[in-house]
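**Q** Numbering (our numbering), first residue to last: 12 to 505.
Attaching a single structure in C-alpha cells format; questions to follow.
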Ligand SMILES: Cc1cc2nc3c(=O)[nH]c(=O)nc-3n(C[C@H](O)[C@H](O)[C@H](O)COP(=O)(O)OP(=O)(O)OC[C@H]3O[C@@H](n4cnc5c(N)ncnc54)[C@H](O)[C@@H]3O)c2cc1C
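Set out below in C-alpha cells:
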C-alpha cells in the first residue's frame, strides 16, 4: 500500500515529536517515518501535567499504564486545585468527574442550590473524584467499562519523550541526530529538503513540524502569521524550578495558586515536585517573579530556576503545503489546564484520519483541519480566560485588569447564557465539557441570577434526600479507597 505522503519526516524530538512519530508509525505501516532532533538544542522539558485524553492516546498505541508510570516517575491526576483565584484564601477543585444531571428538574447543581442545606457541605462532595482528591485517595475500577471517573497523569516530560522514543524506534521510526541549518522550499512553496549542520540532507513528502518554540518550518520557513492572544492572556514568562519531594503525601492533583501577576504550579511526581511561576512581564519583573516562586517552594531545589519566554496564540494555519505543525511550533496556551499535550493528540488524530493510502488530502480537507484546530484553540482559550475573568480580586493591577477584560464574543455569550439562564452552552470543538465549565463557575462562586422554574417539579424533600444519598454513598466509596501513593505503588509493582 502506498500513501501519497510516503516519506514522513518529523522535525523535533520533544513530547510532540515523539508522540507524532509513535502514532504515525503505528497507524501508517506502509510509510517511512524519520525523526530528526538535536541533543545540542535539547527539548523544552516542561509539561508535566496532562489531560484525560492522554489515556485514550496510550490505549490506541497499546501502551501499558504501569510500564508508562514506571518509566516517567508518573503519578495519577484527578484534576487541579485552584487556590486564591476568586479571592485570597478560597480554593476549589476542577476534577474530571461528573456532577449528575446538568439541566431541568434533575439538575444536580440546581437542586443543590435550591435546597440550600448547609449540612450538605460543598457541591464538590457530590463529585466522586473531588472527594478522592480532597482526601488524597485513589483507586481504579476493575475494568475500564466500570470506571466511574476520568483521570490523567503527572510525569517527567523529559522521561516521557525518552519513553515514547523507545516505543517509536521499536515500531520502525528512524532517528537522525543533527541540527537543521537550512530548510529548502519546493517550487510549489512546500518544503523539499532539510540541510543539517554536518552537510547531510533529509528529504520527505510530508513534514511534521515539532520544533518547539523555534517553529522552524511553519513559522520561519513558511512564514505562517502568529495569531496573538496576549491581550486576553497576558502571561508570557515562566520560572520553572523542580524541588526534592516534600514530606507531604503525594497529592493526586496539580495545584495552581494565583499570584500577584500570574499563578504558580505545583506538580507532584514520585521522585520530585515540579514548581513554576507563570507571570505577565507587563506587570511584574523577572527578578521579583523568581523571588515569589522561591518563597512558594516546599522542598529543596534540585536545579537552578529556569526562565522560559513564550507568546500565547497559534499560527494562522496549522497545516500549510506539506507541513503540519504540532506542539509548541504550532502555538501555545498557558499551561493552566494542562492542554498542550491534549492539543498535540487532537491534531494527530485529525491528521491520521486524512492520511489515506495513495491520495494527497483535498484542499477542502486541509482547510477543515485548520478550521477545526483554530476553533479548538479558541475553545480552550475561552475556558482559560474564564478562570481569570470571574475573579473578585482587586489587590493588584493584574487582577483588576483581568476582572475587566473585554472578552472574546464566544466566551461573553457563554457567560451570559449561564448567568441569565443557567445554561452551560457548548460550541463545536470544545476541549472541556459542561461539567468542567460548571466546576469553574461554581468554584468562582458565579451562579445564575434566577433558578430554573422546572426545578420545582421535584419536591424539595426528595431533592434533599437524593443529594444526601449521593453524598453519603460517595463518602463511603472513598473511605474504602487506599491512599494515592499506596495504590500507585501497587500498580507499579505489577
Ligand atoms: C512553562 C510551560 C509549562 C508547560 N506545562 C505544560 C503542562 O503542564 N501540560 C502540558 O500538556 N503542556 C505543558 N507545556 C507545553 C509542553 O511543554 C509542550 O507542549 C510539550 O513539551 C511539547 O513540546 P514540543 O515537543 O512541541 O517542543 P520541545 O520539547 O521544545 O521540542 C522541540 C524539538 O525540536 C528540536 N529542534 C529545534 N530546533 C531544531 C533544529 N534547528 N534542528 C534540529 N532539531 C531542532 C529540539 O531539539 C527538540 O527536540 C508547558 C510549556 C511551558 C512553556
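Here a beta-carbon is modelled for each residue, glycine too, at the ideal position from N, C-alpha and C.
(1) How about residue 301: is its Cβ closer than 6 Å to a heavy atom in ligand 3?
(2) For residue 168 and residue 62, which I take to be in contact (beta-carbon distance under 8 Å), what is that distance rounded to the nearest angstrom?
(3) Mind checking whether the beta-carbon of residue 168 lies closer than 6 Å to any heavy atom of ligand 1?
(4) Inspect the beta-carbon positions of residue 251 and residue 289 and report whether they are closer than 7 Å.
(5) With residue 276 as the anchor, note down where its beta strand (DSSP E) starts and where it stops.
(6) Return helix, strand or coil for residue 26, following the three-state DSSP convention.
(7) Count the CB pairs spanning the stretch 216 to 230 and the stretch 27 to 42 that are closer than 8 Å, and state whether there are at least three.
(8) Beta strand (DSSP E) containing residue 218: first to last residue?
(9) Check residue 457 in the structure and name its three-state DSSP category.
(10) Grab the span of the beta strand (DSSP E) containing residue 164 for me, first residue to last.
(11) Around the Cβ of residue 489, are there at least 16 other Cβ atoms within 10 angstroms (buried) or fewer (exposed)?
(12) Whole angstroms are fine: how far does the CA of residue 206 sit from the CA of residue 20?
(13) May I ask you to check if the CB of residue 420 is nearer than 6 Å to at least one heavy atom of ligand 1?
(14) What residue does the beta strand (DSSP E) around residue 506 start on, and which one ends it?
(15) What is the rounded straight-line gap between the Cα of residue 270 and the Cα of residue 368?
(16) Which residues does DSSP pair with residue 2 in a beta bridge?
(17) Could you say if the stretch 260 to 268 and the stretch 82 to 96 meet the contact criterion of at least three C-beta pairs nearer than 8 Å?
(18) Among the residues of its own chain, which have a CB less than 7 Å from the CB of residue 256, if the five just before and after it don't count?
(19) If you scan the stretch 227 to 273 from start to end, which runs of the beta strand (DSSP E) of 3 or more residues do you find wholly inside it?
(20) Would you kindly work out how many angstroms separate the C-alpha atoms of residue 484 and residue 113, rounded to a whole number?
(21) Within 10 Å of its beta-carbon, does residue 137 have 16 or more other beta-carbons around it, so buried, or fewer, so exposed?
(22) With contact counted as at least three CB pairs below 8 Å, one residue from each stretch, are the stretch 64 to 73 and the stretch 396 to 406 in contact?
(23) Classify residue 13 as helix, strand or coil using the three-state DSSP reduction.
(24) In chain order, which continuous runs of the beta strand (DSSP E) of length 3 or greater are located wholly inside the stretch 313 to 342?
(25) Can you find the residues in the same chain that come closer than 6 Å, C-beta to C-beta, to residue 2, ignoring five residues on each side of it along the sequence?
(26) Out of curiosity, what's the CA-to-CA distance linking residue 13 and residue 364?
(27) Given 6 Å as the limit, tell me if residue 230 has its C-beta closer than that to any heavy atom belonging to ligand 1.
(28) Ignore the nearest five residues each way along the sequence and tell me which others in residue 342's own chain have a CB closer than 7 Å to its CB.
(29) Classify residue 464: buried if its beta carbon has 16 or more other beta carbons within 10 angstroms, exposed otherwise.
(30) When you compare the CB positions of residue 183 and residue 36, do they come within less than 7 Å of one another, or not?
(31) Give me the Cβ distance between residue 55 and residue 228, rounded to the nearest whole Å; I'm assuming they're in contact under 8 Å.
(32) Based on the DSSP output, what are the partners of residue 204 in its beta bridges?
(33) Pick out whichever of 179, 108, 426 has its Cα sitting closest to the Cα of residue 452.
(34) Determine whether the beta carbon atoms of residue 203 and residue 195 lie at a separation below 7 Å.
(35) How would you label residue 140, buried or exposed, when you count the other beta carbons within 10 angstroms and need 16 or more for buried?
(36) Rounding to the nearest angstrom, what Cα-Cα distance links residue 459 and residue 157 in this structure?
**A** Result, derived from the coordinates:
(1) Here the bound small molecules are ligand 1; ligand 3 is not part of this structure.
(2) What you label residue 168 is simply residue 157 of the chain shown in a count that begins at 1. What you label residue 62 is simply residue 51 of the chain shown in a count that begins at 1. Incorrect: roughly 14 Å between the Cβ atoms, too far for contact.
(3) Taking the first residue of the chain shown as 1, we reach residue 168 at position 157. Yes, the beta carbon of residue 168 sits closer than 6 Å to at least one heavy atom of ligand 1.
(4) Within the chain shown, the letter at position 240 stands for residue 251. Within the chain shown, the letter at position 278 stands for residue 289. No, the pair does not count as a contact, with Cβ atoms beyond the cut-off.
(5) Taking the chain shown and counting its residues from 1, one reaches residue 276 at position 265. Per DSSP, residue 276 belongs to the beta strand (DSSP E) from 273 to 279.
(6) The residue labelled residue 26 in the question sits at position 15 within the chain shown. Here residue 26 sits in helix by DSSP.
(7) By the criterion of at least three beta-carbon pairs nearer than 8 Å, the stretch 216 to 230 is in contact with the stretch 27 to 42.
(8) Here residue 218 is taken as the residue at index 207 of the chain shown, counted from 1. Looking at the DSSP string, the run of the beta strand (DSSP E) that includes residue 218 is 217 to 220.
(9) Numbered from its first residue, the chain shown carries residue 457 at position 446. Note: residue 457 maps to coil in three-state DSSP.
(10) As a first step, residue 164 is located in the chain shown; it is residue number 153 there, counting from the start. Here the beta strand (DSSP E) through residue 164 covers 163 to 165.
(11) Numbered from 1 along the chain shown, position 478 holds the residue referred to as residue 489. Buried: at least 16 other Cβ atoms inside 10 Å.
(12) In the chain shown, residue 20 corresponds to position 9, counting from 1. In the chain shown, residue 206 corresponds to position 195, counting from 1. Between the alpha carbons of residue 20 and residue 206 lies a distance of about 13 Å.
(13) One-based indexing of the chain shown puts residue 420 at position 409. Not a single heavy atom of ligand 1 lies less than 6 Å from the C-beta of residue 420.
(14) The question about residue 506 has no answer here: the residues shown for the chain are numbered 12 through 505.
(15) Translated into the one-based positions of the chain shown, residue 270 becomes position 259. Translated into the one-based positions of the chain shown, residue 368 becomes position 357. For residue 270 and residue 368, the distance between alpha carbons rounds to 51 Å.
(16) This structure cannot speak to residue 2, because the chain is shown only from 12 to 505.
(17) yes
(18) Stepping through the chain shown from its first residue, residue 256 is reached at position 245. Closer than 7 Å at the Cβ level, and outside the excluded window around residue 256, lie 282, 283, 284, 310.
(19) 237 to 239, 248 to 251, 264 to 270
(20) For the purposes of this step, residue 484 is taken as the residue at position 473 of the chain shown. For the purposes of this step, residue 113 is taken as the residue at position 102 of the chain shown. Cα-Cα distance, rounded: 20 Å.
(21) Working through the chain shown from its first residue, we reach residue 137 at position 126. That one is buried.
(22) Not touching, per the Cβ criterion.
(23) Counting from 1 along the chain shown, the entry for residue 13 is found at position 2. Because the pLDDT of residue 13 is 42, which lies under 50, any placement of that residue in the model is unreliable, and the number read from its coordinates should be weighed accordingly. Three-state DSSP puts residue 13 in coil, outside helix and strand.
(24) 317 to 320, 324 to 326, 334 to 336
(25) A query on residue 2 cannot be resolved here, the shown segment of the chain reaching from 12 to 505 and no further.
(26) In the chain shown, residue 13 corresponds to position 2, counting from 1. In the chain shown, residue 364 corresponds to position 353, counting from 1. Residue placement at residue 13 is flagged as unreliable, the pLDDT there being 42, under the threshold of 50; a coordinate-derived value is accordingly withheld.
(27) The count along the chain shown starts at 1 and reaches residue 230 at position 219. It does not: the Cβ of residue 230 is nowhere closer than 6 Å to a heavy atom of ligand 1.
(28) Locating residue 342 in the chain shown gives position 331, counting from the first residue. Cβ neighbours of residue 342 beyond the five flanking positions: 324, 325, 326, 388.
(29) Reading the chain shown from its first residue, position 453 is the one you call residue 464. Under the 10 Å beta carbon count, residue 464 is surrounded by fewer than 16 other beta carbons and is classified as exposed.
(30) Position 172 of the chain shown, counted from the start, is the residue given in the question as residue 183. Position 25 of the chain shown, counted from the start, is the residue given in the question as residue 36. In contact: residue 183 and residue 36 (Cβ atoms closer than 7 Å).
(31) In the chain shown, residue 55 corresponds to position 44, counting from 1. In the chain shown, residue 228 corresponds to position 217, counting from 1. The pair is not a contact, with the Cβ atoms about 17 Å apart (cut-off 8 Å).
(32) Residue 204 sits at position 193 when you count from the first residue of the chain shown. According to DSSP, residue 204 bridges with 195, 214.
(33) For this step, residue 452 is matched to residue 441 along the chain shown. Of the listed residues, the one whose Cα sits closest to residue 452 is 426.
(34) The count along the chain shown starts at 1 and reaches residue 203 at position 192. The count along the chain shown starts at 1 and reaches residue 195 at position 184. Cβ distance < 7 Å, so residue 203 and residue 195 count as in contact.
(35) Locating residue 140 in the chain shown gives position 129, counting from the first residue. Classification of residue 140: buried, given that the 10 Å Cβ count is 16 or more.
(36) Position 448 of the chain shown, counted from the first residue, corresponds to residue 459. Position 146 of the chain shown, counted from the first residue, corresponds to residue 157. Near 34 Å, if we compare the C-alpha coordinates of residue 157 and residue 459.
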